[in-house]
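Each residue of the sequence shown is one higher than the last, beginning at 155 in the numbering used here.
As structure tokens, the structure follows; a few thoughts come after it.
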Amino acid sequence: MHTVVVGTSGTTAADVIAVARGNARVELSPEALDALARARETVDALAAKPEPVYGVSTGFGALATRHIGQELRGRLQRNIVRSHAAGMGPHVEREVVRALMFLRLKTVASGHTGVRPLVARTMADLLNAGITPVVHEYGSLGCSGDLAPLSHCALALMGEGDAEGPDGTVRPAGELLAEHGITPVELREKEGLALLNGTDGMLGMLVMALADLEKLYKTADVTAALTLEALLGTDRVLRPELHAIRPHPGQAAAAANMLAVLDGSGLVGHFQVDEAPRVQDAYSVRCAPQVAGAGRDTMAHARLVAERELAAAVDNPVVLPDGRVESNGNFHGAPVAYVLDFLAVAAADLGSIAERRTDRLLDKNRSHGLPPFLADDAGVDSGLMIAQYTQAALVSEMKRLAVPASADSIPSSAMQEDHVSMGWSAARKLRTAIGNLNRILAVELYAATRAIELRHGLTPAPASRAVIDALRAAGVQGPGPDRFLAPDLDAADVFVRKGGVVAAVEPVTGPLA
């Protein structure tokens, strides 16, 4: 099994995905264990002094003014975990919780938190045993990080609360730890606070969203190219010299992908078959690279933010190399929240333009010779009429999901935490938007491949033919009389989600950008 080694200098997106989705084993490097031990010595020394130190010998948040004696500090750390594990609602997906746990371990291993090596080892043990704490949908305001979700994870480290075992069954966490020979942690000074004071949940979801969107943006270039073919459009607008004079890198990449897919097509440029010759294609076709490209460039910015966060140690207070323990505001989720919202806006627009292309394929007045709704016997058959309704409903929801969560803030903790990021909410709605975008592109794929097959006597590009063949091999049927449509659409959705479009095209075109 692949092993991810956690050191002091952060981690990578590939490692997050390997642990969250691939169940990779986690180990702590000797360097990390040394850093943990040194930072703990600093915390222990401060804990022995009579002067109060936030997070070590005081209460938290609005209760930070109270000095806590040594005899109560273990109870204090347990209590912050128990009281903050206050989430409600449905259970969060296993991959999100694993990403959250791994990213918290990454920060702990930096040596800036003051957590003992024992605690870090136990965090790794839970991941390696496949024990996933139950985390709930609601509870994080994205500042002081993802408090409630991380608290539910810390609760499991203590052998309390509920967790999902390797078999997917939810049971008391204490039972699962005992079965795997893991001793529950008894928290000491600062450790409870250090386990729940970070942006790990929203960051984990950002990393996975970027991986999913990278695949979907390539898929969208392919479906746009297939629609252009089916509408007998022109590929002249995709030429690199046109995109060089407006030098957005994402736009150039999208145009290059579409041009590669259309190479060798016998359908492009057939304007003369129309009763009224066209000079230009509609915006939804002609401007596909501009829209998809802007989304790509938004992803590039989001990736930069994610890389910075992956290299960060987010905690409050932090142990500095010179031995100081300082309070800070690095737990605020604004940098991550903003890009999560930006990505939701871009994804909504990509879904919107794909739906417009689909609608054009189905409208006999704008499809340049295709049958109404791509039906076999229009009037008797409805064809893909309602598939577009479903697509439109998905687009409408995506527009609602594009409303930024990060523009909101609700004060908490008796006005001590009087401005919060709502980054967790931004991440949760982005996950829903990505699922919807996958379905929207699946509908366009379904319509465009059927339309190409209805262009009798014209030969599609080799890459297009490869996509059609792969889709049919996946159980998605081609043109014909009306049938129960939902299974075909579901199969197309799975095909897109598993990367089937890109996998079919790239052996013909080479790697897409």
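Cβ atoms here follow ideal geometry from the backbone N, Cα and C, with glycine treated the same way.
{"Query": "Contacting residues, own chain, Cβ-Cβ under 8 Å from L301 (five flanking each side not counted)", "Result": "H238, G293, S294, L295, L350 and N351"}
{"Query": "Proximity of A174 and G358 at Cβ, strictly below 9 Å", "Result": "yes"}
{"Query": "Residue closest to R593, alpha-carbon to alpha-carbon, out of A308, D642, P338 and P401", "Result": "D642"}
{"Query": "Validate contact between the segment 417 to 426 and the segment 362 to 373 using beta carbons, cut 8 Å, 3 pairs", "Result": "no"}
{"Query": "Residues near V676 in its chain [Cβ-Cβ closer than 7 Å; skip 5 each side]", "Result": "Outside the modelled stretch of the chain, which goes from 155 to 667, sits residue 676, for which no answer is possible."}
{"Query": "Buried/exposed call for A454, threshold 16 Cβ in 10 Å", "Result": "exposed"}
{"Query": "Cβ-based burial, M277 [other Cβ within 10 Å; buried from 16]", "Result": "buried"}
{"Query": "CA-to-CA distance, V324 to A332, given in whole angstroms", "Result": "15 Å"}
{"Query": "Closest Cα partner of G319 within the set T267, N484, R248 and M356", "Result": "R248"}
{"Query": "Coil, strand or helix - G632 by DSSP", "Result": "coil"}
{"Query": "Span of the alpha helix (DSSP H) around S306", "Result": "The identity of residue 306 in the sequence shown is His, whereas the question assumes Ser. H306 -> alpha helix (DSSP H) spans L301 to L311."}
{"Query": "Through-space distance from R450 to V170, alpha-carbon basis", "Result": "21 Å"}
{"Query": "Cβ neighbour criterion (16 or more within 10 Å) applied to F638", "Result": "exposed"}
{"Query": "Endpoints, the alpha helix (DSSP H) within which H455 is located", "Result": "A442 to L464"}
{"Query": "Cβ neighbours of A167 in the same chain (closer than 6 Å, five flanking residues each side left out)", "Result": "V361"}
{"Query": "Runs of alpha helix (DSSP H) lying entirely within the segment 529 to 573, each at least 4 residues, in chain order", "Result": "539 to 555"}
{"Query": "L315, buried or exposed, once every other Cβ within 10 Å from all chains shown has been counted against 16", "Result": "Strictly speaking, residue 315 in this sequence is Gly, with Leu absent from that position. It counts as buried."}
{"Query": "Supposed contact pair A541 and A601 - C-beta distance, whole angstroms, cut 8 Å", "Result": "7 Å"}
{"Query": "Endpoints, the alpha helix (DSSP H) within which Y371 is located", "Result": "D354 to A384"}
{"Query": "Beta-carbon proximity of G577 to L464, cut-off 9 Å", "Result": "no"}
{"Query": "For V597 and S579, the rounded distance between their alpha carbons", "Result": "28 Å"}
{"Query": "Own chain residues within Cβ distance below 6 Å of G537, not counting five before or after", "Result": "F527, L528 and A529"}
{"Query": "Between the CA atoms of N590 and K553 - distance to the nearest angstrom", "Result": "11 Å"}
{"Query": "R510 versus K518: straight-line alpha-carbon distance, rounded", "Result": "14 Å"}
{"Query": "Beta-carbon gap between D531 and P633 smaller than 9 Å", "Result": "no"}
{"Query": "Inter-residue CB distance, V662 and A617 (contact presumed, cutoff 8 Å)", "Result": "4 Å"}
{"Query": "9 Å Cβ cutoff met for V490 and T353", "Result": "yes"}
{"Query": "Span of the beta strand (DSSP E) around V159", "Result": "T157 to V160"}
{"Query": "Nearest residue (CA-CA) to G477, options G164, F256, A189 and H221", "Result": "A189"}
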